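Worksheet: one structure, shown below.
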Amino acid sequence: MAIGICERLRQYARAVSLIRALLYPVPTSKAHKPAPSVELLTLMGSRSACKLLLRFILDEGVHGGKHLECLTVVRSLLSITSDTPAPYLRAGCRLEVKRQVGRLLEAVARRGPVTTIPKSRKRKADKEWPAESTQNPLTMIHHLNEALVPSLKEAQTVRLTAPTNASSADLGTHRPHYLWTEYDNGATADGDPEPACSSLLITVEDWVLRHFIQNEGFEKGLHSESRVFTTLFGLLFYDLLFAKSPDDVFFSMRQTAPLDLFTDDFYATRQSAVETRLELIAKAERMTTAQLIFPSSPPPPSPSSPQLMGESDLEALFMDPVSHLITSVWTEHHGERCIGVSWDLFSNANEVMELFWCLGPQLVASCCRLLSTDYRNWHSGMPDLCLWSPSRLKAKLVEVKGPGDSLSCQQMVWIDKLLSFGADVVLCAVSAISRNFLNSKQ
Numbered sequence: 001m002a003i004g005i006c007e008r009l010r011q012y013a014r015a016v017s018l019i020r021a022l023l024y025p026v027p028t029s030k031a032h033k034p035a036p037s038v039e040l041l042t043l044m045g046s047r048s049a050c051k052l053l054l055r056f057i058l059d060e061g062v063h064g065g066k067h068l069e070c071l072t073v074v075r076s077l078l079s080i081t082s083d084t085p086a087p088y089l090r091a092g093c094r095l096e097v098k099r100q101v102g103r104l105l106e107a108v109a110r111r112g113p114v115t116t117i118p119k120s121r122k123r124k125a126d127k128e129w130p131a132e133s134t135q136n137p138l139t140m141i142h143h144l145n146e147a148l149v150p151s152l153k154e155a156q157t158v159r160l161t162a163p164t165n166a167s168s169a170d171l172g173t174h175r176p177h178y179l180w181t182e183y184d185n186g187a188t189a190d191g192d193p194e195p196a197c198s199s200l201l202i203t204v205e206d207w208v209l210r211h212f213i214q215n216e217g218f219e220k221g222l223h224s225e226s227r228v229f230t231t232l233f234g235l236l237f238y239d240l241l242f243a244k245s246p247d248d249v250f251f252s253m254r255q256t257a258p259l260d261l262f263t264d265d266f267y268a269t270r271q272s273a274v275e276t277r278l279e280l281i282a283k284a285e286r287m288t289t290a291q292l293i294f295p296s297s298p299p300p301p302s303p304s305s306p307q308l309m310g311e312s313d314l315e316a317l318f319m320d321p322v323s324h325l326i327t328s329v330w331t332e333h334h335g336e337r338c339i340g341v342s343w344d345l346f347s348n349a350n351e352v353m354e355l356f357w358c359l360g361p362q363l364v365a366s367c368c369r370l371l372s373t374d375y376r377n378w379h380s381g382m383p384d385l386c387l388w389s390p391s392r393l394k395a396k397l398v399e400v401k402g403p404g405d406s407l408s409c410q411q412m413v414w415i416d417k418l419l420s421f422g423a424d425v426v427l428c429a430v431s432a433i434s435r436n437f438l439n440s441k442q
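Take the UniProt record's numbering: the last position of the sequence shown gets the number 442, and nothing is skipped along the way.
Take a look at the structure:
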């Protein structure tokens with residue numbers, strides 16, 4: 001809050017001093033120079049550390065114009081460990097910092113090489129940068145910055161044009177709405193052979209959802225963003241989330257999650273159980289009654305079982321472990337408050353199982369691994385739409401962007417992860433067109 005107030009007052013030097021006080025703890029003795037602590041930055045959290053680092057780059061490097069001083073601090077923060085640059089930054093925060101540091105490097109490059117700066121500032125730079133990098137002091141920070149986030153996979157872009165007949169201001173909404181027309185196969189009430197139609201004003205995500213269901217052959221779809229995967233995670237890990245061990249993670253019956261879920265301790269203290277569950281999910285195989293082997297001559301009915309089991313009973317008896325887990329959790333805990341679980345997304349457990357098999361065990365297991373190891377940084381930013389077709393065991397994830405909208409850093413890293421997991425992900429860019437213009441073209 002204090003940093004924000006200083007920035008509003010344009011007192012950027014005071015804001016920088018406050019940020020330095022947070023990033024650099026006071027040394028225990030005068031012999032030690034202030035140095036960033038990876039433990040402190042990790043406890044601070046990825047988003048808080050990212051926000052501080054971004055504010056420092058803007059206040060010191062952009063508003064203050066002290067590019068070399070800013071890059072010196074950035075280098076010390078990125079190279080805090082020798083293994084991975086800035087391990088305290090995770091998920092989309094790494095890409096945000098990479099972009100901002102890249103802009104600062106471009107600004108320095110536009111001003112010319114460091115060797116052309118005045119001698120007074122050159123002597124200061126020689127003291128702050130190692131001797132081996134004096135000839136080109138930007139090389140090290142450039143390599144560290146590139147190592148923050150390797151090259152990302154990009155989803156295929158699908159471009160659509162959606163008609164609109166009024167602006168968001170005319171409709172009294174904060175977002176534009178688009179016109180969707182549905183046609184009935186039958187004749188109208190007046191006996192007109194032309195098919196009847198109904199028009200709806202819906203958001204861009206709902207418009208794209210209806211478009212894919214109508215034109216791509218998908219049977220079901222949801223505009224749920226991250227809720228689909230957090231719901232699957234909650235159902236598949238329900239017993240681990242609410243287990244009595246370890247101690248001191250539950251202090252109230254009103255808790256919807258253990259206290260350590262948003263920390264690294266959640267996975268560390270349950271590593272064996274989590275890995276066993278992830279292996280169970282990844283190796284799941286769908287079983288149907290057609291795969292069951294029956295004896296050539298069924299045994300005659302006995303008094304204890306007067307009639308043979310039906311197909312539904314057989315499926316319940318020979319249900320695979322994952323389907324049995326989803327069904328049991330849905331039956332025993334439906335409606336209970338659990339973090340990330342949206343019971344209203346699905347009508348029953350069978351619909352959840354259909355989505356699981358359409359997405360694929362490997363994809364679900366990979367996403368659950370991210371959520372179980374770092375729920376705090378991976379529980380948001382997933383694609384807007386999830387479409388699936390149980391008859392074809394096929395699913396598609398769609399990120400929708402309307403006019404003037406662009407991908408966030410968190411969405412970009414999630415798309416990269418999903419593509420590396422083998423998911424079918426597309427980016428749908430929607431442009432608006434006037435309904436009158438569309439009618440004139442027709």
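In this text, a Cβ means the ideal position worked out from N, Cα and C, and glycines have one as well. All values derive from a computational prediction rather than experimental measurement.
Query, Result
"Assumed close pair Leu345, Leu222 - CB separation to whole angstroms, cut-off 8 angstroms", "6 angstroms"
"Buried versus exposed call for Ile5 [16 or more other C-beta atoms within 10 Å across all chains shown]", "exposed"
"Proximal residues to Arg337 (C-beta, below 7 angstroms), its chain only, five neighbours per side dropped", "Thr256"
"Nonlocal neighbours in the same chain, by C-beta distance under 8 angstroms from Leu18, ignoring five residues either side", "Ala2, Ile3, Cys6"
"8 angstroms Cβ cutoff met for Leu89 and Val101", "no"
"Pair within 8 angstroms by beta-carbon distance, Ile339 and Leu259", "no"
"Three-state secondary structure assigned by DSSP to Pro163", "strand"
"Neighbour-count burial assignment, Arg254, 16 or more Cβ in a 10 Å radius", "exposed"
"Cβ-based neighbour list, residue 452, same chain, cut-off 7 angstroms, excluding 5 preceding and 5 following", "Any answer about residue 452 is impossible in this case: the structure gives the chain only from 1 up to 442."
"Neighbour-count burial assignment, Thr139, 16 or more Cβ in a 10 Å radius", "exposed"
"Option nearest Asp264 by Cα separation, candidates Ala15, Arg20, Gln11, Leu43", "Leu43"
"Whole-Å CB distance - Ser79 paired with Pro85, under 8 angstroms assumed", "7 angstroms"
"From Gly234, Asp384, Phe218, Pro390, residue whose alpha carbon lies closest to that of His334", "Gly234"
"Distance between beta carbons of Val208 and Val400, contact taken as under 8 angstroms", "5 angstroms"
"Proximal residues to Asp206 (C-beta, below 7 angstroms), its chain only, five neighbours per side dropped", "His223"
"Whether Leu387 touches Phe218 by CB criterion (8 angstroms)", "yes"
"Delimiting residues of the alpha helix (DSSP H) encompassing Ile213", "204-215"
"Beta-carbon gap between Cys358 and Ser389 smaller than 8 angstroms", "yes"
"Leu200 (DSSP reduced to helix, strand or coil)", "strand"
"Where Ser304 falls, given that 16 or more other Cβ within 10 Å makes a residue buried", "The predicted position of Ser304 is uncertain, since its pLDDT is 49 and thus under 50; a value taken from the coordinates is nonetheless stated next. The residue in question, Ser304, is exposed, as its Cβ has fewer than 16 Cβ neighbours within 10 Å."
"DSSP beta-bridge partners of Lys401", "Ala429"
"Test item: CB-CB of Leu393 and Pro383 under 8 angstroms", "no"
"Whole-Å CB distance - Ser431 paired with Gln410, under 8 angstroms assumed", "So it is not a contact: roughly 24 angstroms between Cβ atoms."
"Selection from Ile57, Ser408, Met353 that minimises the alpha carbon distance to Ser391", "Met353"
"When Leu179, Gly65, Ala13 are compared against Ser434, the one with the closest alpha-carbon", "Leu179"
"Rounded separation between Val364 and His63 - CA only", "45 angstroms"
"Coil, strand or helix - Lys220 by DSSP", "strand"
"Residue closest to Ala349, alpha-carbon to alpha-carbon, out of Gln362, Glu332, Gly360", "Glu332"
"Minimum C-alpha distance to Arg270 - residue among Pro176, Arg99, Arg103, Ser372", "Ser372"
"Per-residue DSSP class, three states only, for Ser17", "helix"
"Whether Ala15 touches Asp59 by CB criterion (8 angstroms)", "yes"
"Length at least 3, wholly inside the UniProt domain \"VRR-NUC\" (319-432): the beta strand (DSSP E) runs in chain order", "385-389, 394-401"
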